[in-house]
Each structure stands twice: as C-alpha cells, then as structure tokens.
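Below you'll find the structure, written out as structure tokens, and then a few comments.
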Amino acid sequence: MQRPSSAFLSLLPALATRGLQTPDQSSHFTNDHKHTYLCFWLLWSTVSLLCLFPATTAATVRVGVVGPWSCDPLFTKALPSVAARLAVEHINKDHFLSQGITFDYVILDEDCETSQSFARFLGYYKRASGFIGPVNPGYCEAASLLGKSWNKAVFSWSCIGNELDDAHSHPTFARTMPLPSVVLLSFMRYFSWAHVGIISSAEDVWVEAGIRLANALRGHGMPVGIVASVRNDHTSVRNTLAKVKKVADIRLVILVMHSVLIGGGTQKMLLETAHDMRMTDGSLVFISYDTLFYGLPYHHITQPALRYNSKLLRAYDAVLTITIESPQEQSFYQAFEKAQEQGELPRHLNPQQVSPLFGTIYSSIVFMAHAMQSVRASGQWMSGGNIAQNARNLLFKGVSLQANSSDFGMLDYVVLDTDGFSWELQPTHRIEMQTDMVRFLGRSIHFPHAGPPKTDSSCWFTRGMICSGGVNIFSIVLIFLSGFLFIFFVMGCSYCIRRKINKIRLVRGADKILLTLNDVTFINPSLSNKKLSLDDSKASDTRMSISERSLKSPFSSQSPATYENSNVVIFEGDWAWLKRLPYGNFRSITPNTSDVFELMKDMRHENINPFLGFFLDCGVFAIVTEYCSRGSLEDLLLNDDVKLDWMFKSSLILDLIKGMKYLHHRNICHGRLKSRNCVVDGRFVLKITDYGYNEVLESQRFPYVEPPAEDLLWTSPEILRGSYPGLHGTHSGDVYSFSIIMQEVVMRGPPFCMLEQSSDDIIKKVRKPPPMCRPIVSPDHAPMECIQLMKQCWNEQPEKRPTFDEIFDQFKNVNKGKKTNIIDSMLRMLEQYSSNLEELIRERTEELEIEKQKTEKLLTQMLPPSVAEALKLGTTVEPEHFDSVSLYFSDIVGFTTISANSEPIEVVDLLNDLYTTFDAVIGNHDVYKVETIGDAYMVASGVPMPNGNRHAAEIANMALDILSAVGSFKMRHMPDVPVRIRIGLHSGPCVAGVVGLTMPRYCLFGDTVTTASRMESTGMPYRIHVHSSTVNILMQLKLGYKVELRARTELKGKGIEETYWLTGRDGFTKPLPVPPILKSGVESKDFKVMLKKAVRKISTVRQVAQLTLSDEGN
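Yeah, the sequence shown ends on 1114 if you go by the UniProt record's numbering, and it's all consecutive.
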C-alpha cells in the first residue's frame, strides 16, 4: 500500500510487513475474494463507526487529548494541540490507517485538582469518540469505568493501577506504555535495591502519582519507607529531605515531579538542597519518574540545565535517568527539526524548548489509529472494548521511538548517567520489557565517591519468601520456635525461682506473711501460750448460741479493743485484728493458699482493709488485718450516740462502692460481703475486710458448712438455691449483698428489719419466691434515686443487676456530684463556718468603724482636731503660745433670778436651747468653742489654728449673729420673759493646753482671758462690749465695723480704760434687739415686773395641775 511521502510520516507506525497484517492473512484469499470482502468490510466499518461515534459526523473520528495543559507550564510545553494536529494529519494521509474515515482531535483540559478533574471529564462524553489520557492517575479507574459505560476507548500512558489491566472490569482501557512500577521493579531487581522512598511535587497530578506508585511497589512486596510531598520552597524541601534521612535502609529516592532536565524547578531545588545536606554522596540514588513517559534525547546532546549550574551538575551525579530508548540515528530533536524543514511544523518553534512529551502524545494518537485499523481488519464490531483489546501485538514507529504493543506497549528503556563533570548523559543499561531483562551496555555507572549504595537481600524479589534481612521463612520459623522454647524455659525457671522466693517470703523478711507469737503482742499481758490455747479450745462452749441471737442485736465482727479481748494484738507498733478461721489442718500451707496470701498482700486501696499476715501458733489460725477503732459498720449503725445524717450515710455507702469496685477490677469476688465485714476507722472511712477468706478455706480444703440463717440474709437468691458451689461468690452476688448493706445504712437497722419476721422465714421466702421477699424502704429515709438503685441491685435476675462501675456513676448522680467523704464534709462545714465568721467579722468591723468615727467626731467636738489626733496617738500635748487671738464671753442678765423661780429641769432646758442656738451660729465662723460654765459661754478665734488678724473679725461677726439670734429667742417655760445677754470681746496673746487626764479639757490661759471676762461682766444687756485692742484690729481690717465709744470704764484689776460698743457692720442687715437704758450692773424695773408676772403665772399653772392630779387620785 502506497505511503505518504512526507518526511515526518516516515516516522509513523509501520509494520515490518506491508500494513498492519497478521502473518497469514494474505494467503487465505484470492484477489477476487479480497476485493469482495474489502467492500463488505468498508460498508460494515462505516455503519459501525456511525453507531459508535454519535458525536461525530458520518465519517469522522474525533480523538480527545486529556491532560492538565493549562495547569502546569511544563505540560503546556508539550504542545498537545500541535502534536495532535500532526498525528491526525499523518493518519488522514495514510490510506491504510484512515480507509475513508477522517480523524480529528480536540484538546480537553484537566482541572488542577483531582476531584474537579473527574467532574470535568464527565462533561466530555459528547466531545470525543475516544480519549488519550487522563494524565492524572488519581481518577484513571473512574475514567476507565466511564469509558466502559460510554463504550469509548480510553488510552493512557500514566495510569498506574494493576486493576486497570483486568479486561473484564475495564474492557475499554489500554496502556500506551508499560506500567512505570514494572519498569522500576526491573531496575530495582537488577541492582538489588529494594528499600525505596518517594517524594512528589505538591501538585495533585504528582501527589496522586506518588501515592499510587507506592501502593503498586508495596503490592510487589517492596518496602516503601516514606511517601512525602514537597512544595517549591526551601523550608519544605529541607524538612522533607530530613524526614527521608531519618528513615533507615533507604537505597532509592524516586522523584515524582518534572525532571530538572526539561525545566523542573522543584527537582532542581530538591537536588541542590540534597547536595548541601550531603545526601548525594553515594548513599542514595535518585530516580526521575516523569522521564519514564517520554524519550529524552541523549545521543551527543548537551543538557543545558547541567551546563550552566555546576552545583546541580555535582548533585546530578547521584541521579539515574530512566527513559524510553530512542534510535541513535534520529532523536526527538532531529525528527522535530526534519518535520520543520518539510513544513509540517512551524519553523519558529525551538525543539529544545518543547517537552519530549510531545512525542508521547503523537505516538498515543497513532497507536489508537492502529488499534482501530486492527479492529477493522479482524472484522470485529467497532466498539471501545474491541479497540482496547486489539491494541496488542502492534509494531509501529512513533516520534523517536519504535514500540511493540504486545501486552500494552512493551517498550525498551535505557538508564542514563553522568560522571559529575560532563554535561551529557550516557546510556549504561538497557531495560528490555519483553524479556524483563536488564542488559549492560558497556559503560559502568559513575557513583559519587566511587561506590554504589548498599544492596538489599534478593529475597525481596523472590516470590514465596518472607523477607526480613534475607532470612528464609523456614529459618524464621525455626528461630521463632527456638525463641519460644527458650522463653518457655526461662518462664519455667522464673516460676520455680519465684515459688521458692515466695516460700522464703512467707516466713522471712520485712514483708513476711506467716506470723507467730514472736511477731505479735497480745493486748492482755496475762495471756500466755497455754491460756491462748485453752481460750480457743473452749470457744465453742462459751460462744452464745446462734439461735439465741436476734436480728436486733447481731454478732459484731470487730468489737472495740479491750485488755480482755484476745483478738486484738500489736503488730509492728500498731493495733491489729485477728480474724480466726475454723479449726483445721494448717500444718502445711498449700501453694494455692500462698498465692491467695500474695494476692491479698498486694491489695492497696483506701477502702480495702490491708492484709498484714496470717497468724498460726498455739493452735490458733487467724487472718491479721489492721484494727479499725470504730468497729464494724454494724457496730456503728447500732451505736445511738453517733448521729448519721444523709451526707454521713452516703459517704459510707460511697466508700463501700469504691472498695468493691477495686476488688471487681482485680477480678476478685468477695462472697462474704455483709455489714459486719465492713469496718470503720477513726476517720470514719469504711474499709472492706474478709476478702479472700473463702479462697483460703477452699485452698486448704476445708469442708463447706452452711452458716446459720442470720448470716445468710446478705446472700443472693441464686446462691441460696445452690446455683454456685458453696465457697464461691459471684460479682452479681456481691451486688446483691451491697444492696442489703445499703438498706441497713439507710434504715439504720439490721437486714429486713421492717418485716418483723424470723431469719429462717426470710431466707425461705428469698430462696423460693413468689412472692419476692425484699426490704421495704420508704422515700422518707433516702432520696428516690437511691431507692431505685437499691432495687436494681437486688433484682431477682443476676444479669440485670448493675456493675459497681455503673453503681458508682449512678450514686454520684444521687448526690448531684457533691463530695461525700466524711473529711471533705467536715472541711466543707468548716469552710462554711469560716465564711460565716468572716462575714460576721466584717459586719462587726464595719460597726466598730462606725463607732470609731462617732468617737472621733465626739472627741473633735470636745477638743481641737490636732489635739484629739495627738491624744489618739498617745503623744503628749505640749502647751502652745499664741501671739494674738480674740475671745468672746457672754452670760445671761438676771440668770440667778430666773433660776430661782424655775425648776432645775427648766433651767437645763433653757441653757440647752440657748447654747444649741449659739452652736448653730458659731458653725458659720472660724471660731472654736472653748467651754460653757453655767450661763457663761466662751468662744475663741485664732486658736488652735492661727488665722492672722481675721480672728477679730470672726469673733465680731459671730457676736453680731448671736445677738441677733437672742433677740428672737423665747424660754419654753417663760415665753414672756426675754433672755438678755451681755457680750464682751477682747484681743491679745494667750497660752492653750490640755489640762488633766480624766475628762481632759482644752483651756486658755493669760491676761487676755481675764480681760475678756471683765469686758463681759462690765457690759450691758443686748450690748457687745469691745476692748480697744479688738477695735484697733477691726479698724485695720477696714471692713466697715460700727463702734461707739462707751467712755472710760473701770475694769476690775485693770483700772480705767476706754471701751466701745459694737453696734453693727456694713452689709449686716439682721435685726438686733434694742438694749435697755440702764446703768452697769443694774437690772431694769420692767424686767422685774415681767419676771414677777411670769412667776405668778407659773405658780397658778402648777396649782391647777396638782388639784387635777389629786382629783384623779380620789
């Protein structure tokens, strides 16, 4: 058949014989038959294509090239549209391939994310008749299944999974190249490198490839030590390489990313960083993964990436490049340039700027065309499945490669290496995929530091062997058995030694278990060995008859210690309790009993009474435990002196729950749980005792003797019915016993105390219901949740009773999560009391502060503030001299006469009303009230705080205000009699100080005080008598004070001096009383007349009051 004459077409697939014929095809038909058959075949193929490709025209097959062409610039450099157009043109020109059908192509973009890529692929159903791709292996299986559903062929070179080769599950899928994992496995087998690590770039297409490659290698039994992805930054690269460095025994590192030789920036950064981290020293071999999918030009080709980067050149010495073998006479670059010369490709394209993946795309499309031609030639229906199945046994030429499609594209690969100095890659080995052989090409691989990585055992590559350092499976089994026997022997020896040590431990050492009279001291010093033996021999005779014991007064298991009690001993300085066992043969301790003692000795819990040892001497056999001063729980409940509130009771119950929870976690059943086997220590902590008692009796082969009915009240129904052997307890049986103890604590009475029945009757009813016999607890004694829990625990069916873990959780809910420990409760009470006390102290402190403020206020009212502060601090108040002060004295004119005609209480009321009026006035002025004596009222200004010359003005202003207030003042008992005061003012120096310790007084001393008193005594009613010293200061102040010269006045002890009347001040508008015209010291006649009338009026009122009272008395 005639071929197109173009140069590039010569590189298209061609059979070794003419066309794509099977070897015996032409010998079976004559030319006529061939002609007839060919016509029929063309008609049938046309109909088939019309049915198969509904999206195309009647004679057009459109191939969809699927890849991440717009996500990655290096994929874009493959020029998929140019490669597809070139392939389609060559196919359409080749009549052997086209045979009247027009081929077309469409470039279909993958999304950058795997999930979105698949979603986008779903929309490509009508856009193509078959697909080349996908490139992203993450959705290869899904795309293949869609191809099966659409009945369209899916040809891909990058899909990895072995499951895609199953023709039944994936009939429309075909590979255009061998599995990359198979190529790598052949390479690894040849060099005996099994341990591998995989580093992929962070893009989805490479991450998915890395994961699936790791799975494929692991499927072949290869130990993949690490699978990591790396971003294109130094930190990520360094961290990832550090992780690889930590993984032991890695020989190969597969770089799943763009090769640095075609511009891969991530691989470049990774190799340079590996060189800096001394990882390219020959201990590792790096393999470039993406070169498996194209034929990298290498014949006498300088690699620009290595030529211009010496550091990368040295690092690349540790890299082996596996790529598709290409003919030496025509590489990809040569074929590309030749096609440009013949006008098949644009001349502006630089071959070295085009990714070699260009040839893979071209060859894949041609490969599909050959497969379709094979379907037509075989007379099959043109379907996706038939096209995929016929993509075998095809020999054709592509761009820079020649492939045999047997078993999906069996190509040959070469291993390329550089010596660390040259910029060219040289082939060292050929990987022949058809024979699965690796052949040496005469040039050895140059490893850094002249040595390859260590080899791994060949067992990794041998089927049927379990490889662990190269040891055969039989050797492993032998070693395992030997180790097992050795361990068994060591364990046997250890067991024997341990038994020996335990026997020694029983009688020797600080933790010995078997005790004698040399180890314990009985409380009663008169107890001798002989008496102790006699005591025990008569125990059965002296013990109270069981039938005589009532439910109201049960036997106590641990009574208070007395000197007469032979059950209490001193062991290692502390009191201990002897729990005597029935008489039997204890001449030898059986191994089982020793184990029980060891188990009991190891018990350590707050609510488990510690086992101290086993006493055997003088015919007495007893378990030794710690002595608890409060006795048993039964004793505590019967002690009316102990008040038990709900918090107290719940604390005891919770201690019991925690102790039983501990025992059951150790897989120990108590079997004898009752209130007399629960003891309470001095801190009111409940502890469980008698655990292991049944096991000791059983291991010593004591015969089982059924206890009296009284002791069976805590036993569960199933055990009473004989469902379990006599000495064996059960977990559910312990729960039942706990519920009976719970009833005892809640009701504070013996078991079944509310039924008023004998123990024998109760046991009979419990053993053989109906009716079911259980205690009756009213809600008045415990919370309803507690009663419900109790009922669950004594359920008739053991499997329906809760475990102690469940009981613990439920009981915490009963107490609303509050702590129920006795000590905690006491601490909580103390905290509450402390809080109340703090509040009380705070209140008392506030009251004290208020009283203190009142006292200080009263003190400052009695004394000047500075003096009061000094007295509070306990310091001495020194007398103080003042250069200039002003003093005020006043008294009541006729006070003696008024007092004589008034009751004492009336005089007191008069003075109180008057001085209260004065006090209200002086509060508005800078003055200090010194004292009052009778009707005399003394005020000072300028003391104790000096105020310059203002003291005269302050005193004058105050005097005017007081005089104005007196003008309107009325006595309550003599409202018609006016209160006339006379006022004297004087200024001068004085001395002030505190006098006395009891009721101290702040007093003023000096001639100024005497003179001021004389000014008052020589004054006139309703007059302010002012000394010239004060007038001089007032005039200096120039505040408009109005004074009148009184004339010369004789002052007692002073002689005759000029004095003045103060009559007002500019701006003072308050009314002043009009002074009477009298001589000094003489009372007014009008005043006497008014006083007499008032006295007569008062006398009349009193007489009338007395007559009224006498009449009422009669």
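C-beta: ideal position from N, C-alpha, C; glycine also.
Determine, using beta carbons only, whether Val885 and His951 come nearer to each other than 8 Å. yes
If I measure Cβ to Cβ from Arg1065 and keep anything under 8 Å in the same chain, skipping five residues before and after, which residues do I get? Result list for Arg1065: Ala956, Asn957, Leu960, Leu1039, Gly1040, Tyr1041 and Lys1042, in chain order.
Curious, which full-length alpha helix (DSSP H) runs of at least 4 residues does the UniProt domain "Guanylate cyclase" (886–1016) contain? As far as the UniProt domain "Guanylate cyclase" (886–1016) is concerned, its whole alpha helix (DSSP H) runs of at least 4 residues are 895–900, 904–922 and 950–967.
If you check the beta carbons only, do His258 and Leu74 fall under 8 Å apart? yes
Is there a C-beta anywhere in chain D that falls below 8 Å from the one on Val977? The chain labelled as chain D is not found in the depicted structure, where only one protein chain is given.
State buried or exposed for Ser629, treating a residue as buried only when at least 16 other CB atoms are found within 10 Å of its CB. exposed
Starting from the C-beta of Glu1058, find all residues in its chain whose C-beta is less than 6 Å away, skip the five residues before and the five after it, and write them out in chain order. Ser1028 and Arg1048
Quick check: the Cα distance between Leu910 and Leu1045, rounded to an integer number of angstroms? 33 Å
Report, in whole angstroms, the separation of the C-beta atoms of Gly993 and Glu906, which I expect to be a contact under 8 Å. Rounded, the Cβ-Cβ distance is 36 Å, inconsistent with contact.
Which residue marks the beginning of the beta strand (DSSP E) containing Leu108, and which one marks its end? Thr102 to Asp109
Does DSSP classify Pro591 as helix, strand or coil? Of the three classes helix, strand and coil, the one that applies to Pro591 here is helix, per DSSP.
Quick check for students: name the residue ranges of the alpha helix (DSSP H) that lie wholly in the segment 774–822, counting only runs of 4 or more. 784–793 and 804–814
Pick helix, strand or coil for Leu515, following the three-state DSSP scheme. Correct three-state label for Leu515: strand.
Applying the criterion that 16 or more other CB atoms from any shown protein chain within 10 Å of the CB defines a buried residue, is Ile132 buried or exposed? By the 10 Å Cβ count, Ile132 comes out buried.
Count the C-beta pairs between the segment 279–290 and the segment 333–347 that are closer than 8 Å, then say yes if the count reaches three, no if not. no
Member of Pro180, Gly934, Thr916 and Ala953 whose CA lies at the smallest distance from the CA of Val927: Ala953
Could you name the residues that DSSP lists as bridge partners for Arg844? Answer is none; Arg844 lacks a bridge partner.
6 Å CB neighbourhood of His299 in its chain, flanking five on each side removed: Gln328 and Ser331
Just the Cα atoms here: how many angstroms apart are Glu856 and Leu654? 58 Å
Does the distance from the C-beta atom of Ser732 to that of Ser716 stay below 8 Å? yes
Identity of the residues DSSP links to Tyr1060 by a beta bridge: Val1026 and Leu1045
If you draw a straight line from the C-alpha of Ile262 to the C-alpha of Asp436, how long is it? 28 Å
Beta strand (DSSP E) segments (min. 3 residues) lying fully within the segment 69–147: Counting whole runs of 3 or more residues, the segment 69–147 contains the beta strand (DSSP E) stretches 102–109 and 130–132.
Distance between Pro610 and Ile719 (C-alpha atoms, nearest Å): 27 Å
For the alpha helix (DSSP H) that contains Lys764, what are its first and last residues? Ser759 to Arg767
Cα-Cα separation, Leu1072 to Gly967: 6 Å
Selection from His234, Ala194 and Asp417 that minimises the alpha carbon distance to Ser306: Contrary to the premise, residue 306 reads as Leu rather than Ser in this sequence. Ranking the options by Cα distance to Leu306, first place goes to Asp417.
Distance, Gly161 Cα to Tyr316 Cα: 30 Å
In chain order, what residues of the same chain have a beta carbon less than 8 Å from the beta carbon of Pro1000, not counting five sequence neighbours either side? Leu863, Leu871 and Val994
Rounded straight-line distance, which links the Cα of Val766 to that of Ala709: Cα-Cα distance, rounded: 11 Å.
Same chain, Cβ closer than 8 Å to Ile322, neighbours up to 5 away in sequence not counted: Val183, Leu184, Phe187, Ile287, Ser288, Thr291, Leu292, Tyr413, Val414, Val415, Leu416 and Ile431
Nonlocal neighbours in the same chain, by C-beta distance under 8 Å from Lys800, ignoring five residues either side: Gln792
Within a Cβ cutoff of 6 Å, which residues of the same chain sit near Ala539, ignoring the five residues on either side of it in sequence? No answer about Ala539 holds up, because its pLDDT of 40 lies below 50 and its placement is not dependable.
Measure the Cβ-Cβ separation of Val979 and Leu914 and say whether it is below 8 Å. Yes. Within cutoff.
Just confirm the distance between the C-beta atoms of Asp976 and Asp935, as a whole number of angstroms; I'd bet it's less than 8 Å. Incorrect: roughly 19 Å between the Cβ atoms, too far for contact.
Identify which residue in Pro223, Ala174 and Met277 has its Cα closest to the Cα of Arg189. Residue Pro223 is the option with its Cα nearest to Arg189.
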